[in-house]
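Take a look at the structure set out below.
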Amino acid sequence: MELFLQTAIAGLLLGGVYALISIGLSLIFGVVRIINFAHGELVMLGMFATYWLWRGFGLDPYLSILIVAPLMFGVGVLIQRTVLQPILSSSAIMKIFATVGLSLVLQNLALYLWGGNYRSVRVAYSTATIKIGGAAVSVPRLVAFAVALVLVAMLFVVLKRTMLGSALRAVAEDRDTAALLGLGVSSLYLVTFGIGAALAGIAGALLMPFTSATPTIGVGYTLIAFVVVVLGGMGNTLGALLGGLLIGVVETLAGTYIDPQLPHVVVFGLFIVVLLIRPRGLFGLGRGTEEVGLR
Amino acid sequence: MTRFGKVGAGVFAVLVVLAVPYLGFSEFVLHNLVLIMLYVGLASAWNIPAYGGQLSLGHAAFFGLGAYASTLLFLHKDLSPWFGMLAAIGVALVAALLMSVPLLRLRGPFFTLATLAMVEVIHRLAIYLRSLTRGSEGLTIPFKTGWAYLSFTSRAPYYYLALGLATITVLASWLIRRSRLGYHLRAAAVDEEAVTALGVKLVRLQVAALLVSAALTSLFGVFFAQYVYVIDPDTVFSSTQFSIQPALAGIIGGMGTVAGPVIGAVLLTPLGELLRSSLSGSQQGLSFLIYGLVLIAVVRLLPGGIVSGARNVSGRLVRRRQSGQPASGPARSVGVGIGKEDA
Amino acid sequence: MSLLELESVRKSFGGVRAVDDVSCSFEEGEIVGLIGPNGAGKTTLFNLVSGLIRTDAGRIRFAGRDITGLRPADRSRRGIGRTFQVVRPFTGMTVLENVMVPLLVRERRVSAARREAQAALDDLGIGHLADRDPAQLTLAQRKRVEVARALATRPRLLLLDEVLAGLNTAEVAEALPFVRSVRERGVTILMIEHLVAALMSVSDRVLVLDRGRLIASGPSDEVQRNPAVIEAYLGEEPTNARG
Numbered sequence: 403m404e405l406f407l408q409t410a411i412a413g414l415l416l417g418g419v420y421a422l423i424s425i426g427l428s429l430i431f432g433v434v435r436i437i438n439f440a441h442g443e444l445v446m447l448g449m450f451a452t453y454w455l456w457r458g459f460g461l462d463p464y465l466s467i468l469i470v471a472p473l474m475f476g477v478g479v480l481i482q483r484t485v486l487q488p489i490l491s492s493s494a495i496m497k498i499f500a501t502v503g504l505s506l507v508l509q510n511l512a513l514y515l516w517g518g519n520y521r522s523v524r525v526a527y528s529t530a531t532i533k534i535g536g537a538a539v540s541v542p543r544l545v546a547f548a549v550a551l552v553l554v555a556m557l558f559v560v561l562k563r564t565m566l567g568s569a570l571r572a573v574a575e576d577r578d579t580a581a582l583l584g585l586g587v588s589s590l591y592l593v594t595f596g597i598g599a600a601l602a603g604i605a606g607a608l609l610m611p612f613t614s615a616t617p618t619i620g621v622g623y624t625l626i627a628f629v630v631v632v633l634g635g636m637g638n639t640l641g642a643l644l645g646g647l648l649i650g651v652v653e654t655l656a657g658t659y660i661d662p663q664l665p666h667v668v669v670f671g672l673f674i675v676v677l678l679i680r681p682r683g684l685f686g687l688g689r690g691t692e693e694v695g696l697r
Numbered sequence: 138m139t140r141f142g143k144v145g146a147g148v149f150a151v152l153v154v155l156a157v158p159y160l161g162f163s164e165f166v167l168h169n170l171v172l173i174m175l176y177v178g179l180a181s182a183w184n185i186p187a188y189g190g191q192l193s194l195g196h197a198a199f200f201g202l203g204a205y206a207s208t209l210l211f212l213h214k215d216l217s218p219w220f221g222m223l224a225a226i227g228v229a230l231v232a233a234l235l236m237s238v239p240l241l242r243l244r245g246p247f248f249t250l251a252t253l254a255m256v257e258v259i260h261r262l263a264i265y266l267r268s269l270t271r272g273s274e275g276l277t278i279p280f281k282t283g284w285a286y287l288s289f290t291s292r293a294p295y296y297y298l299a300l301g302l303a304t305i306t307v308l309a310s311w312l313i314r315r316s317r318l319g320y321h322l323r324a325a326a327v328d329e330e331a332v333t334a335l336g337v338k339l340v341r342l343q344v345a346a347l348l349v350s351a352a353l354t355s356l357f358g359v360f361f362a363q364y365v366y367v368i369d370p371d372t373v374f375s376s377t378q379f380s381i382q383p384a385l386a387g388i389i390g391g392m393g394t395v396a397g398p399v400i401g402a403v404l405l406t407p408l409g410e411l412l413r414s415s416l417s418g419s420q421q422g423l424s425f426l427i428y429g430l431v432l433i434a435v436v437r438l439l440p441g442g443i444v445s446g447a448r449n450v451s452g453r454l455v456r457r458r459q460s461g462q463p464a465s466g467p468a469r470s471v472g473v474g475i476g477k478e479d480a
Numbered sequence: 733m734s735l736l737e738l739e740s741v742r743k744s745f746g747g748v749r750a751v752d753d754v755s756c757s758f759e760e761g762e763i764v765g766l767i768g769p770n771g772a773g774k775t776t777l778f779n780l781v782s783g784l785i786r787t788d789a790g791r792i793r794f795a796g797r798d799i800t801g802l803r804p805a806d807r808s809r810r811g812i813g814r815t816f817q818v819v820r821p822f823t824g825m826t827v828l829e830n831v832m833v834p835l836l837v838r839e840r841r842v843s844a845a846r847r848e849a850q851a852a853l854d855d856l857g858i859g860h861l862a863d864r865d866p867a868q869l870t871l872a873q874r875k876r877v878e879v880a881r882a883l884a885t886r887p888r889l890l891l892l893d894e895v896l897a898g899l900n901t902a903e904v905a906e907a908l909p910f911v912r913s914v915r916e917r918g919v920t921i922l923m924i925e926h927l928v929a930a931l932m933s934v935s936d937r938v939l940v941l942d943r944g945r946l947i948a949s950g951p952s953d954e955v956q957r958n959p960a961v962i963e964a965y966l967g968e969e970p971t972n973a974r975g
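These protein sequences, in sequence, are chains A, B and C.
If you use this note's numbering, the first sequence closes out at 697, no skipped numbers anywhere.
If you use this note's numbering, the second sequence closes out at 480, no skipped numbers anywhere.
If you use this note's numbering, the third sequence closes out at 975, no skipped numbers anywhere.
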């Protein structure tokens, strides 16, 4: 029982980070209308940036967020500007291929530059645990969860209460009218992709104290983010949060109780089952399910 | 060119293609030709659901399942790979039915993501089920030569086998495109809503396209196993090799046509091999990196692929001369803004 | 038995009642016009009838059968055809192929469908456009293709959504007898139009929607004098030139 609780909690905490990644993906899709197949690679870049900052300067992973976040924001803006902006009018299929291409480029660039070995960050608190209600909880996971939650909340506030948020929501709702109203749609796209990339990068930084990075690790995160977004309902921050937590728990429990090799299989299985019986998403909170392409 | 001239040229081309192994090419060239045939087939098979706008990046699943189905039967039940092909088709159909679940519910890019997820999962399962597949160690195909066992000591028979499979696949693609199914799929690729408003039961058709595509792809998996003698999960379920590369060939060549994937494969495969062989081990990733850059470049420059690009160029020239009306490009986006041009 | 019956149909988007408790019925062989200020819910009503969106409440009956739960493809097969306000031809396919698509729903043989499609195009006076890509055509031509395509589904009821929009005066003058000829073939027609005068000249009766509600229904001259209708349109001039 204690193992169960511990594992479940660990999964829940990890789920917070998953939610963070997924919300970035969801935001990009909502505003820019592009499924970013390279989203996991942005997480990977965040992980590696954190690693090199730690390795080169001994910078604590959490502190490095201060550098990684703006760095990844810049990367996101660059990607949007150079790769995606010119193809925004292409068909959906073509946009998929562009981001798949981007994913290949980033993965293999990382492989070329840094090799395929796993990189880990070792800090004093890497293996520290604290007791919560009798279960041993990993400190890095707890911190990751807390930070992720704060960021999700902040994003929620930004979207609902600020001018920028309103502008983003307007573009998401109706691009043409927003453009007519004088909202600089291109600039908003840049900002959105930048934010999405920054969130992914921060997630990477948060993961480093308890995860090892390798150039190909991004694919798994893209897929998890995708499952979370579909399950939680696209365009729904709360849904993404709940979805992230759920997937985190399922994945971690599957890893412990079924087999460490199979967590993705279980997650995908859950995904198929949910698609079959509740396509509107587990929580039925999905606003525009047509947007996520549900029939 | 006269009608007779065209037929003559066609016959000549066919003869050349058939005579290839005896034209004195080196092993390396022959190997490349075999690969070209393989990718012509894979790209054409991949293209069938793509007619309908369904972009799968999960075809490596069917490929790998085909390879494993056939090989396991060969190893454990001593069944010839000919039977293996039937088993491969069976397994691929089951997998395609599974893949149809997201197809039922998800559109466009979301379906594509789901297909990617599926390959990942099957890949990992293949590694996990060691008792069956010997995991990452892989399986070795029994060495029994002859047409009964689809194993040969020279390349020529492999070439003909691959050519045969590719021909069947291209033929299937052609037949589908000119059939009722083809028309409905092509309309769906432009505008799914409009096509269902016309009474077309789209999902059934898309599932059918996926099933055919999966079955054909699995046959190439069987071929591959027999050609390389050793299979392992990382190779046969490789997304880049057997999902993305055929798709790339299809896109570069032109997705909506029969000839497109063929041309794309003929152009791309030797380039890919050249790239792979000229880069040393640690630089392997560079070939994929270049693939990625090519993908991005293609999307920017030729949204319709080479075939439609060529048509477009000649179309523009002809139209300008005739009516002075501005020529329009190929359909770029689904249903957006098409009717607004004159308003 | 009416061909089409709507019973207390409702549809909201977010907080907005796009269609608010609309009940009406349509008899076989009528040409009925549907007018109303912008945003009145006309196209939404069409989308509800053709099945593109689901009702929040209310029932829809077609030829006596309840079709409220049916999807667009099934409704099309039952005999409801429609055109779209912003025409949606299948670009990348020829005009002929566009018309073949709905024909192939019932006709299994491609060659037969091709012949029938050419005949349908000839019938509508656009046979010479068979091999063109719709993207190259004028708007008036594309509208004809759209109608040809909708007619190829052999509908009993045809929903025309602003089929006259964007046409110049001459084109409108050509289109009106064409609409009547479609009715001669036994197709009941429901048309949304902003060109109110043109619409009234061709309709047997007119329905008026305002903010989702049905505010008037009857012969054109009656509706034109209806104070509620005048008020709804206050400030809107009937137009008969470009939109």
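Cβ atoms here follow ideal geometry from the backbone N, Cα and C, with glycine treated the same way.
Per the DSSP calculation, residue i is bridged to which residue(s)?
i         : result
C:Thr-885 : According to DSSP, which records beta bridges pairwise, C:Thr-885 is partnered with nothing at all.
C:Arg-791 : C:Glu-739
C:Met-923 : C:Gly-765 and C:Leu-892
C:Ser-949 : C:Leu-939
A:Arg-521 : A:Ala-615
What number of angstroms, rounded off, separates the C-alpha of residue i from the C-alpha of residue j?
i         : j         : result
B:Phe-360 : B:Leu-412 : 24 angstroms
C:Ile-717 : C:Gln-873 : The structure shown has nothing for residue 717 of chain C, since chain C only spans 733 to 975.
C:Arg-876 : C:Arg-917 : 16 angstroms
A:Thr-654 : A:Gly-426 : 22 angstroms
A:Leu-553 : A:Leu-422 : 8 angstroms
A:Leu-625 : B:Leu-250 : 7 angstroms
B:Thr-333 : B:Gln-343 : 12 angstroms
C:Arg-957 : C:Ala-772 : 19 angstroms
C:Ala-964 : C:Leu-890 : 27 angstroms
A:Ala-537 : A:Leu-465 : 28 angstroms
A:Leu-647 : B:Pro-279 : 48 angstroms
A:Val-629 : B:Val-238 : 14 angstroms
B:Ser-424 : B:Thr-406 : 12 angstroms
A:Gly-598 : A:Phe-547 : 18 angstroms
Between residue i and chain B, is the shortest Cβ-Cβ distance under 8 angstroms, so that the two count as touching?
i         : result
A:Gly-503 : yes
A:Gln-663 : yes
A:Ala-500 : yes
A:Ile-437 : yes
A:His-666 : yes
A:Phe-519 : The question names Phe, but residue 519 of chain A in the sequence shown is Asn. Taking Cβ atoms only, chain B never reaches closer than 8 angstroms to A:Asn-519, which makes this a no.
A:Met-496 : yes
Give a yes or no on whether 8 angstroms exceeds the smallest Cβ distance from residue i to chain C.
i         : result
B:Glu-330 : yes
B:Gly-190 : no
B:Ser-316 : yes
Leaving out the 5 sequence neighbours to the left and right, which residues in its chain are closer than 7 angstroms to residue i when beta-carbon positions are compared?
i         : result
B:Ile-185 : Ser-310, Ile-313, Ala-346, Val-349 and Ser-350
C:Lys-743 : Ala-750, Val-751, Thr-776, Leu-780, Ile-785, Thr-787 and Asp-788
C:Met-733 : Gly-796
C:Phe-758 : Ser-734, Leu-735, Leu-736, Val-764, Thr-920 and Leu-922
B:Leu-241 : Val-340
For a cutoff of 8 angstroms on Cβ pairs, would you count residue i as touching chain A?
i         : result
B:Glu-257 : yes
B:Ile-433 : yes
B:Thr-249 : yes
B:Leu-269 : no
B:Val-337 : no
What does a CB cutoff of less than 8 angstroms around residue i pick up in its chain, not counting 5 residues either side in sequence?
i         : result
C:Phe-822 : Glu-829, Asn-830, Val-833 and Pro-866
C:Arg-846 : Leu-828 and Met-832
Using 7 angstroms as the cut-off, classify the Cβ of residue i as near or not near the heavy atoms of the ligand COA, replying yes or no.
i         : result
B:Tyr-286 : Ligands in the displayed structure: none, and consequently the ligand COA is not present.
message: Three Cβ pairs or more, each shorter than 8 angstroms: is that satisfied between the region 463-475 of chain A and the region 511-522 of chain A?
response: no
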